[in-house]
Structure formats: structure tokens, C-alpha cells
Amino acid sequence: MDLEPCQAVVDALADRGWGTFPGFVEREEVRELARECRTQWDAGGFRHAGVGRGEVLHVNADVRTDHIMWLDPEFATPAQLRWHGRLEKLRLAINRDLYLGLADYEGHFAIYPPGSFYRRHRDQFRENELRTITTILYLNEDWRLDDGGQLRLYLQSGEESPYVDILPEAGTLVSFLSGTFLHEVLPAGRQRMSLTGWYRKRI
Ligand SMILES: O=C(O)CCC(=O)C(=O)O
Ligand SMILES: [Fe+2]
Numbered sequence: 001m002d003l004e005p006c007q008a009v010v011d012a013l014a015d016r017g018w019g020t021f022p023g024f025v026e027r028e029e030v031r032e033l034a035r036e037c038r039t040q041w042d043a044g045g046f047r048h049a050g051v052g053r054g055e056v057l058h059v060n061a062d063v064r065t066d067h068i069m070w071l072d073p074e075f076a077t078p079a080q081l082r083w084h085g086r087l088e089k090l091r092l093a094i095n096r097d098l099y100l101g102l103a104d105y106e107g108h109f110a111i112y113p114p115g116s117f118y119r120r121h122r123d124q125f126r127e128n129e130l131r132t133i134t135t136i137l138y139l140n141e142d143w144r145l146d147d148g149g150q151l152r153l154y155l156q157s158g159e160e161s162p163y164v165d166i167l168p169e170a171g172t173l174v175s176f177l178s179g180t181f182l183h184e185v186l187p188a189g190r191q192r193m194s195l196t197g198w199y200r201k202r203i
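This is the structure in C-alpha cells:
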């Protein structure tokens, strides 16, 4: 059955709380976002990611060593506007079927230089408890298994939990319930780019 892409994400979230969708965004569109990501990187637009945001930002290199640049809707490029259009469609579809009351979205480009990682964590924490659904779009063409850099998503909460490893291949979307799933980014052998974000509930 050829499900409409947004509906496939909604169904996966409803059935098991997570899903991975290769080819969610077509090649040319992903290429444009990847170009913008690299341009911003070259222009010095990124900074070390912290754990938390704003005043409670702590750069903690034991936990994560990626670099990020927050998207500002006011200065969105045409490619970013298209991406936000898709996210808005998905937000409405999730709200319609799952009654989550998602109110808005915050997102950033992320770059993991070779060797970078993000240790096991959940996306919902003290100052981020409104984060409800995580979405990640990967921007890396021809990612190979031996490049590393997989997103390891733990399916249960215990130490011995089974997990799935997801390759950060261009066009693949991953989505999961932010408060439920522990996950980590394994060190990559090459630069790893993504567009990561969260739908948030109303305060
Ligand atoms: O890039 C990924 O695969 C996951 C990133 C992540 O876990 C985060 O930014 O919270
Ligand atoms: Fe995360």
C-alpha cells in the first residue's frame, strides 16, 4: 500500500512510537538544504551544542560534541520554507489523529565533525519538557555502514534494551516520541549533517 508520507509517520508514531522513512524528502531538496548547512558552517554560523538552551546552556563535551545552528523562521531560505511547510503538514496530521496538541516547532542544523558523538539521552528534560515529538532529517549522500555515525534508538528503557541503528542517509526522516526513547549518535568517520527539531506542546 502506498501511504501518503505524512500518514505513514503518524501511523508509526501511533503504533510503536517511532519510525524511519528513507526518501521522505527528494534528492534535490535535500541537496539544497545540505548546501545551506555547509555554507553556514563555512561562514562560522555554528556553535558548540550545549545541553539545554539559553541561560541554562552548558557545553558538556562528555555528553555531546556536535555543533548546531538554530533555524530562524524570520530568515528562512526558500528550501527551509519548503521544509517548514512539510513539517506544518505533518504537525496537523499528528494532531488530527493522535490528539497531541502540538503547538509549534523548534529546529536546528547539526554538524558532527569526524569523531563527534552524542551520548545516550532523552530529548525531554527539565527545561525542555514541552518537547513531544522529535524529527530528524539527514543530509548526507552515500552514507556507508563503515562510516559509523548511526543513530542508535533504544526500544526499551533498561540497560539491556534492544536497539535499532539508523544510517544518517540523505532524505531519511526519523521521528519518535521525545520523552520515551533513549538514543545516541555513534562517532562518525566523516562529517555528518542533519536538520533536527522538535514539535512542542502548548505551555
Ligand atoms: O542526529 C541524530 O541522529 C540525533 C540527534 C539528537 O539526538 C539530538 O540532537 O538530540
Ligand atoms: Fe536527541
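In terms of UniProt numbering, the sequence shown has 160 at position 160, counting the first letter as 1, and numbering is strictly consecutive.
C-beta atoms are modelled at their ideal positions from N, C-alpha and C, and glycine is treated no differently.
Between residue 96 and residue 184, the C-beta gap is not smaller than 8 Å, which leaves the two residues out of contact. Within the same chain, and ignoring the five residues on either side of residue 146 in sequence, the residues whose Cβ sits closer than 8 Å to its Cβ are 189. Each residue's CA atom was taken as its position, placing residue 130 and residue 27 some 32 Å apart. Residue pairing by DSSP places residue 148 opposite 188 in a beta bridge.
Residue 167 carries a coil assignment under DSSP once its states are collapsed to helix, strand and coil.
Note that the C-beta distance between residue 194 and residue 155 is not below 8 Å.
Note on residue 110: 16 or more other CB atoms within 10 angstroms of its CB, so buried under the neighbour-count rule. Looking at 77, 162, 15, the one whose alpha-carbon comes closest to that of residue 40 is 77. Between the beta-carbon of residue 133 and that of residue 166 there is about 16 Å, and that puts the pair past the 8 Å contact cut. The criterion of a C-beta distance shorter than 8 Å is not satisfied by residue 148 and residue 90. Three or more beta-carbon pairs separated by less than 8 Å link the segment 56-75 to the segment 112-119, which places the two stretches in contact.
Distances from the alpha-carbon of residue 32 to those of 175, 162, 141 put 141 closest. Taking 7 Å as the cut-off, the C-beta of residue 123 counts as close to a heavy atom of ligand 2. For residue 85, no beta strand (DSSP E) run applies; the uninterrupted alpha helix (DSSP H) run containing it begins and ends at 78-98, by DSSP.
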